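Note sheet for the following structure.
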Amino acid sequence: MELAELQTQLAEISRQAQAAAQQAATIDALRGAESKISKGPLAELLKSIKSFPAEQRGPAGQAINQTKKAVEELFAAAQARLRDAELTGVKKLAADFDPTLPPPSVPRGSLHPVTIVQREVERVFVGLGFSVVGGPEMETEYFNFEALNIPADHPARDTQDTFWLTNGWLLRTHTSPCQVRAMQRFGPPLRVIAPGRCFRYESIDASHENTFFQIEGLLIDKDISIAHLIAFMKLALREVFHREPTIRLRPGFFPFVEPGFELDMRCEICGGSGCPTCKRSGWVEVMPCGMVHPNVLRHGNIDPHEYTGFAFGLGLTRLAMMKYGVSDIRVLNSGDLRGIVNPQRLAGRTIRAG
Ligand code: DAH
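Written as structure tokens, this is what we have:
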């Protein structure tokens, strides 16, 4: 190559560099354009120096290096310009930013309907002096059955189809095992509620699930009678349902209470005259309850001659279904609650019995 030809090519490279530096809108684009030129035509020319006659190699090298330096400076200046512009933009944004404006709204999920109802019931009982306790979902046969006065050969075991684990434990079929756990742990006098998940080996349909929530209640003290049970339940139901309840007790059999009851509430929908919600009976079953059986107290290391108490079991899942008008229990475990009216919006509203 001749020196004159080299000069022409270098001039063309400078022209291209100027155009690229002007067009690039971002620093990244600038860097890209610069490396394209320095690694492309400029690098090629440097390699071609050896094809010059020996005495021209010096001036050729100088010319190429001069252009190289000029291109570098050109891009450096362009970068500085872009940085300035960016900074001005940020400063303007900062000047326009009003920290007193409310933030843009973020779409949020809501609590699960069962959680909402659980918290509401907890609030009521905590207000009545109860503590909230927990218990394991994987339970021993002893706490789930034996300690609750349900020995291995007792027919009551057949009413609670159980998931047995290979180690001999089971998935608790109710929250009642928390009763004896609480007695052993805290001793009398005692006021606890134990909300939690329970499991039964059920075929699933609109009203049966293998996984559901209950809330257990237990009060142990001296001279506790059925009158206390009734008074407490009325008070609690009034708070939970936000209305003065008319209740009735029917005998109900549960091995861990004696006597045991089914507690019904006068149907709110029809006022007791009979409707589809209460199956024309005028009453809605709310919770089973009873006076703690002496054997259960003994398992809890409590002397039944000194202390008595009452217990109740509240179906949390059922309560949530009543509150939100959910007719199919499977919806609540499905992970898709779009069919249910926004529970957050209803959170402060009355739980309707039916
Ligand atoms: N654990 C019983 C069940 O799941 C419900 C129950 C009945 C709980 C009577 C109680 C009670 O505390 O006193 O069927």
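Start counting the sequence shown at 501; every next residue gets the next number (the numbering used here). Cβ coordinates follow ideal geometry from the N, Cα and C atoms, glycine included. All of these numbers come straight from a predicted model, not from anything done at the bench.
Would you kindly report the start and end of the unbroken beta strand (DSSP E) that includes residue 691?
690-699
DSSP-derived helix/strand/coil call for residue 625
helix
Do the segment 789-804 and the segment 642-657 meet, that is, are 3 or more Cβ pairs less than 8 Å apart?
yes
Span of the beta strand (DSSP E) around residue 814:
808-815
What residue from 756, 598, 539 has the CA that sits closest to residue 568's CA?
539
Per DSSP, residue 708 is paired with what?
705
Looking at residue 788: is its Cβ nearer than 8 Å to the Cβ of residue 752?
yes
Do you know how far the Cα of residue 593 is from the Cα of residue 572?
32 Å
Cα-Cα, which of 636, 514, 743 is closest to residue 697?
636
Quick one: grab the DSSP three-state call for residue 725.
coil
When you compare only the Cα positions, how much space is there between residue 774 and residue 666?
48 Å
Secondary structure at residue 826, three-state DSSP: helix, strand or coil?
coil
State yes or no: is the C-beta of residue 685 within less than 8 Å of the C-beta of residue 631?
no
DSSP three-state assignment for residue 653, whether helix, strand or coil:
coil
May I ask you to verify whether the segment 670-690 touches the segment 795-808, counting CB pairs closer than 8 Å and requiring at least 3?
yes
Quick one: is residue 584 buried, meaning 16 or more other Cβ sit within 10 Å of its Cβ, or exposed?
exposed
At a cut-off of 7 Å, is residue 754 close to the ligand FAD when judged by its beta-carbon and the heavy atoms of the ligand?
Because the ligand FAD does not appear in the structure shown, any question about it cannot be addressed here, the ligands present being the ligand DAH.
Below 8 Å, how does it come out for the segment 804-813 and the segment 727-741: are there three or more Cβ pairs, yes or no?
yes
Beta carbon of residue 757: closer than 7 Å to some heavy atom of the ligand DAH?
yes
Below 7 Å, is the gap between the Cβ of residue 714 and the nearest heavy atom of the ligand DAH?
yes
heavy atom of the ligand DAH below 7 Å from residue 635 C-beta
no
Which one of 530, 533, 565 has the shortest CA to CA distance from residue 547?
565
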